[in-house]
Amino acid sequence: MSSASVSFYIPDHIHFVKPSPWTIPFAAGGISGMCAALVGQPFDTIKVRMQTGFKIAGRAPGGAVDCLKMTVKHEGANALFKGLWPQLGSQFLATALLFGIQDRFLTSFARTTRRSRGDLDLISAAGFCAGGVLAVITCPMELIKVGIQSAGNEVATASSRGAARGAPGSVAASSYELAAGLARKVGLRGLYTGVGLTSLRCAVGNAAFFGCFEVCTRADRGVVGGADGGAGGHRSTAKNAFFGAIAGTAYWLGGYPIDLVK
Numbered sequence: 040m041s042s043a044s045v046s047f048y049i050p051d052h053i054h055f056v057k058p059s060p061w062t063i064p065f066a067a068g069g070i071s072g073m074c075a076a077l078v079g080q081p082f083d084t085i086k087v088r089m090q091t092g093f094k095i096a097g098r099a100p101g102g103a104v105d106c107l108k109m110t111v112k113h114e115g116a117n118a119l120f121k122g123l124w125p126q127l128g129s130q131f132l133a134t135a136l137l138f139g140i141q142d143r144f145l146t147s148f149a150r151t152t153r154r155s156r157g158d159l160d161l162i163s164a165a166g167f168c169a170g171g172v173l174a175v176i177t178c179p180m181e182l183i184k185v186g187i188q189s190a191g192n193e194v195a196t197a198s199s200r201g202a203a204r205g206a207p208g209s210v211a212a213s214s215y216e217l218a219a220g221l222a223r224k225v226g227l228r229g230l231y232t233g234v235g236l237t238s239l240r241c242a243v244g245n246a247a248f249f250g251c252f253e254v255c256t257r258a259d260r261g262v263v264g265g266a267d268g269g270a271g272g273h274r275s276t277a278k279n280a281f282f283g284a285i286a287g288t289a290y291w292l293g294g295y296p297i298d299l300v301k
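First residue of the sequence shown? That's 40 in our numbering, and the numbers climb one at a time after it.
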């Protein structure tokens, strides 16, 4: 059985543009950040409500599970995804840029100190700086997200009084309404309320994230100490996901106390 080859004619005036080296990492980082935001949003909503002393029908939840039950009972399951859009935007930009910025800092630190890019302290330091810089993007988005997640405090009582749209206690405040309200009240700088603590949390968290992920990959390669910037062969997707989960836990172990104060 013979096979025939098929060829296509491409006119000379058509040229394919080679993508920038940043294109694929940027897109991959952005999409992964949005996926993480989508999966984690219900947990984040419960976290924010526990942190802010959220009350429904005059009663504060007794714990995370109780908060989940009360939220679903009084506001429906959709309430778990309040503030999703600003979170998606924040995570897309932050995650898309994070690894590129961390790599730039790491290259700069290694060149300045004349040390290896594989030194663990340099990797963590680069993550610290990258996280701090990205707070410029994440702070306004997080402020809006938390405002939406906290809207509806005392929801049963406020609803019975016919709370106005966008007013404190209203469950209908949108991202735009909250941002516009802050801008009218205190100017655009109001969107950066708590930027110092946000920057510190992102810095500490990302230092822990990059450092922990590097330790995990070295342990997998059997190289726990010293500098090891080698690729170490191919790792499965499952391993990368597992190491990422451990590193993400390290992020919040380091950054959660700061996040609570923020």
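The C-beta atom is built at its ideal place from N, Cα and C for all residues, glycine as well.
Within the DSSP bridge table, the entry for ARG143 names no partner.
Here TYR290 is buried, its C-beta having at least 16 other C-beta atoms within 10 Å.
With fewer than 16 other beta carbons inside 10 angstroms of its own, ALA280 counts as exposed.
Distance from the CA of CYS178 to the CA of LEU299, rounded to the nearest whole angstrom, comes to 14 Å. With fewer than 16 neighbouring CB atoms inside 10 Å of its own CB, ASP160 falls in the exposed class. A contact between stretches requires three or more CB pairs, one per stretch, nearer than 8 Å, and the segment 71-85 meets this requirement with the segment 123-135.
Between the alpha carbons of THR232 and PHE144 lies a gap of roughly 27 Å. Here ILE95 is bridged, per DSSP, to ARG98. Sequence-distant Cβ neighbours of THR84 in its own chain, meaning closer than 8 Å and more than five residues away, are THR110, ALA118, LEU119, PHE120, LYS121, GLY122 and GLN188. Under the three-state reduction of DSSP output, HIS113 falls in the helix class. Look at ASP158 here: in three-state DSSP terms it is coil, with no helix or strand label.
In the DSSP annotation of this structure, the continuous segment of the alpha helix (DSSP H) that includes LEU292 starts and ends at 276-300. Under the DSSP assignment, THR237 falls in the alpha helix (DSSP H) whose first and last residues are 234-260. With fewer than 16 other CB atoms across the displayed protein chains lying within 10 angstroms of its CB, LEU227 is exposed. In the displayed model, ALA67 falls within a helix according to three-state DSSP.
If you draw a straight line from the Cα of VAL254 to the Cα of LEU182, it comes to about 33 Å. Between the alpha carbons of SER129 and ARG156 lies a distance of about 28 Å. A straight line joining the alpha-carbon of ILE140 with that of GLY287 spans about 18 Å. The Cβ atoms of THR237 and ALA165 do not sit closer than 9 Å to each other. With fewer than 16 other beta carbons inside 10 angstroms of its own, GLY92 counts as exposed. Taking C-beta separations shorter than 6 Å and ignoring five residues to either side along the sequence, the partners of LEU239 in its chain run ILE297, following chain order. Rounded to whole angstroms, PHE282 and ARG223 show a C-alpha spacing of 44 Å.
GLY226 carries a coil assignment under DSSP once its states are collapsed to helix, strand and coil.
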